[in-house]
Amino acid sequence: MTTRERYESAREIYAKLGVDTDAAIEKCKSVPVSLHCWQGDDVTGFDHDGPLTGGIQTTGNYPGKARTPEELLVDMDKAMSLMPGMKKINVHASYAIFEDGEFVDRDKLEPKHFQKWVDFAKERGMGLDFNPTFFSHDKVKDGLTLSSPDEETRRFWIEHGKACIRISSYFAEQTGIPCVMNIWTGDGYKDIPADRMGPRMRYKESIDEILSEPYDPKMVKPCVESKVFGIGVEAYTVGSAEFALSYAAMNVDKCLPLMDNGHYHPTEVVSDKIPALLTFFPEIALHVTRPIRWDSDHVVLYDDETREIAQEIVRCEGGLERTYIALDYFDASINRVSAWVTGFRSFQKALLNALCTPSALLKELQDTNQFSKKMAVMEQCKTLPIGDIWEEYCAQCGVPAEGWFSEIEKYEEDVLSKRA
């Protein structure tokens with residue numbers, strides 16, 4: 002049986018459950034997922050030579066890491082050539098690209114320092130997302146940035162945030178696609194603090210000031226992201242879940258809540274939080290990762306929570322249009338281009354699977370108290386031939402469904418292995 006014949010057979014199986022797989026494939030093609038630049042160089046960036054700080058770390062020393070903007074961009078191109086679906090590019094402020102002999106600190110960054118990213122995205126018809134970089138910098142004082150009691154420190158980081166609003170506006174203006182700008186800091190304390198409220202009040206005032214910078218809320222989407230803890234800030238994080246969600250709720254006309262599924266207690270799942278937030282917020286944002294016991298940022302796989310996150314986005318009314326999806330992981334122990342491709346394809350597969358789930362039927366069974374049948378149908382869905390739908394989707398997107406890793410091996414031999 003040919004690949005096309007398998008698809009035709011699978012399409013009939015899904016049709017019996019009321020699922021139009023042709024429509025699912027077309028919808029999946031239209032959902033942008035933002036690919037993070039920092040997987041390619043272990044979150045190093047281009048504006049400093051120091052270590053990665055701020056409660057995060059990258060482990061491993063697999064050869065072939067991108068060392069320059071040119072190497073990073075060519076690696077992203079290679080990765081994207083093996084990914085189906087619509088893409089955006091997610092950039093951190095530490096990835097400013099300076100001309101020879103040029104440098105400005107983060108509080109003085111301008112759109113021109115990201116022009117190569119803009120050109121790269123426009124040439125490929127993609128949008129750009131952005132992140133201020135509140136870590137890996139000598140002006141992180143005593144582990145604090147926007148919440149610092151030192152006014153000079155806090156002022157520097159406020160100005161950095163405002164500069165990033167202006168850069169985000171430029172991204173949106175140049176690409177014609179909304180730019181999601183995510184505010185996250187690693188501010189916190191290693192041991193039990195004597196004052197928990199003071200840092201949060203300063204953090205709130207700092208974000209207020211950043212968001213006072215003019216921008217078009219239809220084109221620039223500032224977000225506030227929480228975190229439960231980080232390395233070196235185990236006892237207390239300023240931007241806790243309650244803080245970030247409350248800030249977004251009280252400033253719904255200015256910013257969105259952003260949930261990273263590695264930034265909560267291990268027994269919490271973001272999939273359950275998505276419908277809760279979409280009940281109240283017009284739009285939300287996500288960073289999809291794979292935490293193992295903590296915020297370890299492993300490569301996204303086609304696992305239970307990834308599938309459930311995609312299911313909830315699809316199930317919620319207008320969820321696909323109201324949710325900004327980005328990936329966020331970094332693994333230096335394996336081929337970095339392969340990590341990009343595996344994670345992106347895994348989420349695409351989860352999204353396609355969600356679109357091919359008979360959600361209307363399952364909702365009706367739930368609403369009419371037919372829980373036995375709902376359980377049976379949900380179990381039936383687990384063995385539906387999604388692989389045959391995936392192969393058709395990849396074929397329509399012009400990328401291989403299987404066998405793509407040989408391309409990675411050739412790229413490693415021809416390009417990555419030569420980076421001594």
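Counted the way the numbering used here counts, the sequence shown spans residues 2 to 421. For every residue, glycine included, the Cβ atom is placed at its ideal position computed from N, Cα and C.
Asked                                                                                                                                                             : Found
Please list the segments of the beta strand (DSSP E) lying wholly inside the segment 226-267, counting only runs of 3 or more residues, in order along the chain. : 257-261
So is F115 buried or exposed if we call it buried at 16+ other beta carbons inside 10 Å?                                                                          : buried
At the level of alpha carbons, what is the spacing between D23 and K419?                                                                                          : 43 Å
Does the beta-carbon of K88 have 16 or more other beta-carbons within 10 angstroms, so that it is buried, or is it exposed?                                       : buried
Can you check which of these residues, E214, A16, R107, is closest to L385 by C-alpha distance?                                                                   : A16
Distance, Cα to Cα, D143 vs G199?                                                                                                                                 : 15 Å
Between which two residues does the beta strand (DSSP E) carrying A286 extend?                                                                                    : 285-289
Do the segment 215-232 and the segment 166-175 meet, that is, are 3 or more Cβ pairs less than 8 Å apart?                                                         : yes
By the three-class DSSP mapping on this structure, what secondary structure does Y96 have?                                                                        : helix
If you measure between the beta carbons of N336 and Y63, is that distance less than 8 Å?                                                                          : yes
Between the Cα of E403 and the Cα atoms of E13, L83, R107, T54, which residue gives the shortest distance?                                                        : L83
Since I211 contacts I159 with CB under 8 Å, what's their CB separation in whole angstroms?                                                                        : 6 Å
Any chance the segment 120-137 sits against the segment 98-105, with 3 or more Cβ pairs inside 8 Å?                                                               : no
Our contact map puts H37 next to A327 with C-beta atoms below 8 Å; I'd like the distance itself, whole angstroms only.                                            : 7 Å
So what's D1 in DSSP terms, helix, strand or just coil?                                                                                                           : With the chain represented from 2 up to 421, any question about residue 1 goes unanswered, as that position is not in the structure.
Is the number of C-beta pairs between the segment 329-343 and the segment 70-82 that are closer than 8 Å three or more?                                           : yes
Got a sec: does the ligand ATP put a non-hydrogen atom nearer than 7 Å to the Cβ of V270?                                                                         : By its list of ligands, the structure shown contains no ligand whatsoever, and the ligand ATP lies outside what it can speak to.
Distance, Cα to Cα, A11 vs V32?                                                                                                                                   : 23 Å
With S169 as the anchor, note down where its alpha helix (DSSP H) starts and where it stops.                                                                      : 152-176
In whole angstroms, give me the CA-to-CA distance for F282 and D389.                                                                                              : 36 Å
Suppose only complete runs of 4+ residues qualify. What are the alpha helix (DSSP H) ranges in the segment 289-348, listed by chain order?                        : 305-316, 320-323
By DSSP's criteria, G128 is part of a beta bridge. Which residues make up the other side?                                                                         : K89
Tell me the rounded alpha-carbon separation between M202 and Y8.                                                                                                  : 56 Å
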